[in-house]
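Per the numbering used here, residue 100 is the first one in the sequence shown, and the count goes up by one each step. Where is the CB? At the ideal position from N, CA and C, for every residue including glycine. No experiment lies behind these values; they were computed from the predicted model shown. Everything on this sheet refers to the single structure shown next.
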Amino acid sequence: MYDIRWIRENAEAFDRGLQRRGLEKLSSSLLALDDQRRAAIGKSQAAQERRNALSKEIGKAMGQKDLALAEQLKAEVASLKEQVPALEAEEKSAVETLNEQLAAIPNAPFDEVPDGADEHGNVLLHAHGTKPEEGGKRLVGVNQPKEHYELGEALGQMDFEKAAKLSGSRFVVLDRQIARLNRAIGQFMLDTHVEEHGYTEVNPPLMVRDDAMFGTAQLPKFRDDQFRAGEDHWLIPTAEVPLTNLVRESILSEEELPRRFTALTPCFRAEAGSAGRDTRGMLRQHQFEKVELVSITAPEKSREEHERMLSCAENVLKKLDLHYRVMTLCTGDMGFASQKTYDIEVWLPGQKTYREISSCSVCGDFQARRMNARYKTKDGKGPFFVHTLNGSGTAVGRALIAVMENYQNADGSITVPDVLVPYMRGVTRIEKAA
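Okay, structure coming up:
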């Protein structure tokens, strides 16, 4: 969320950022709303000041026994008293209108973010490994790699029909060794981020209030993508929401920064805009699991932290020995709250394409302003707004898909990656249940 004072002082830069996002210039209309807000506040304050001044004059008039003047002043006070509620309502309306407009504007991209209208404008940063079908120890003898749902259904351990009877489309029932493999992947990722990368493990609530969803910018713009839970709560679309909001309405000390949180949680998304997309398999589910990474930093450290977060997410894929590439998202494909985003796309042999498995974003003070999350420097200056970052470390369901497709064997079985064998209690191959 933007500071209207910054927009007033940097109108051209603000409009330029919006244009790179494919939006119209808004500084003029926003500053006009701010002028209305200032005028409404001025009128309300003037009325209050006049009432206070008149009260003193009434006291003087009464002391001088000038009853006529006192009555005249009392009549003016009564008139102002009637006007004040309307002036306060005008002020409140002007403030709310401006804030609603500001809350709907996406964050400005960094200068180095590539311009583009959609995913076709994304730029390759680097890649790791090679496609298994182009040589190596995997997919030996597999002429036509199968997709994950073909493998899972043939093994009898992945059932979409049963899930549909329970919950409708975009759900799945996993059982036996594939269910265990899914759990193993999540636990492995969580342990890696805690033990090797220094993140603090958190077990957060899965339901949050409106203020928390507003703080991380899911509300109000993306309301239709969320699942409502009763009158007062939302099911979390990602642990980014509760983890980032752990510092809301607080003032941290610089010595406490950076703060790094991670959590393995179920996530819930309505997928309102994805009708007809990825209807087969587990790629786009209403319920899924993800290991989330969140960092809270001082402003001058956020870019460095962004690179660090990316390397942490990459590390788990390297340990799983999966081929992937990292893309810098263009202005038309990056998220609403992001200043810069890296997507990690893993190679899926069954689909013969890359699919996103992690997205790491730096948000600057955009979310911090919405949450009122601040810090003071070591010498006591401030408070200033913190910077927030979030990333997937990674999506568990998509990692399961990647493991199944990349580690499939000619007989339809799935080899368990070495790093997951301890989490599978020594099981090295998943085969059809007897």
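- By a beta-carbon distance limit of 8 angstroms, L172 contacts L153. Their separation comes to about 5 angstroms.
- The beta-carbon distance between H227 and E413, rounded to whole angstroms, is 7 angstroms. This is short enough to meet the 8 angstroms contact definition.
- Taken in chain order, the complete alpha helix (DSSP H) segments of 4 residues or longer contained in the region 368 to 423 are 401 to 418.
- The region 210 to 237 is shown to contain whole beta strand (DSSP E) runs of 3 or more residues at 222 to 227, in chain order.
- Pairing V520 with L499, the inter-Cα distance amounts to about 14 angstroms.
- Between the region 379 to 390 and the region 344 to 357, the count of Cβ pairs shorter than 8 angstroms is below three; the stretches do not touch.
- Shown here, M257 sits in a strand according to DSSP, grouped into three states.
- Here M288 is near V415, since their CB atoms are less than 8 angstroms apart.
- Note on geometry: alpha-carbon atoms of P448 and K245 lie some 8 angstroms from one another.
- When secondary structure is reduced to three states using DSSP, V346 falls in the helix class.
- In terms of Cβ geometry, R528 and I513 form a close pair [threshold 8 angstroms].
- For F270, the three-state secondary structure derived from DSSP is coil.
- Within the DSSP bridge table, the entry for P365 names E388 as partners.
- Taking the Cα of A328 as reference, the smallest distance to any Cα among A316, F367 and E294 is reached at F367.
- Shortest Cα-Cα distance from L305 to any of P398, K191, R282 and P365 involves P365.
- The C-beta separation of M523 from A283 comes to about 5 angstroms, placing the pair in contact by the 8 angstroms criterion.
- The beta-carbon distance between N489 and V390, rounded to whole angstroms, is 12 angstroms. This is too long to meet the 8 angstroms contact definition.
- Segment contact: the region 468 to 478 against the region 252 to 261, fewer than three CB-CB distances shorter than 8 angstroms; contact not assigned.
- When the Cα atoms are used, P482 and I350 turn out to be separated by approximately 7 angstroms.
- A direct Cα-Cα distance of roughly 8 angstroms separates A316 from F435.
- Rounded to the nearest whole angstrom, the CA to CA distance from V346 to R119 is 31 angstroms.
- In the structure shown, the three-state DSSP call for L168 is helix.
- Secondary-structure assignment with DSSP links H332 through a beta bridge to A328.
- A direct Cα-Cα distance of roughly 16 angstroms separates T229 from Q450.
- Rounded to whole angstroms, G479 and V485 show a C-alpha spacing of 15 angstroms.
- Bridge partners of T299 according to DSSP: F360.
- Bounds of any beta strand (DSSP E) do not take in K159; it lies within the alpha helix (DSSP H) bounded by S126 to G162.
- Taking C-beta atoms as the reference points, P231 and V222 fail to come closer than 8 angstroms.
- In this structure P303 is not in contact with A262, their Cβ atoms being roughly 26 angstroms apart against a cut-off of 8 angstroms.
- At a Cβ-Cβ threshold of 8 angstroms, N206 and C462 count as neighbours.
- Taking 4 residues as the shortest admissible run, the region 451 to 476 contains the following complete alpha helix (DSSP H) segments, listed from N- to C-terminal end: 465 to 470.
- A straight line joining the alpha-carbon of Y441 with that of T427 spans about 5 angstroms.
- P208 is positioned such that its CB atom lies no closer than 8 angstroms to that of M408.
- Contact annotation: the region 182 to 202 touches the region 130 to 140, with at least three C-beta pairs closer than 8 angstroms.
- Distance from G121 to A216 at the Cβ level is roughly 7 angstroms; contact confirmed, criterion being Cβ atoms closer than 8 angstroms.
- Non-local beta-carbon contacts of I456 in its own chain, meaning distances under 8 angstroms to residues more than five positions away in sequence, involve L416, Y423, I443, E444, V445, S491, T493, A494, R497, A498 and A501 in chain order.
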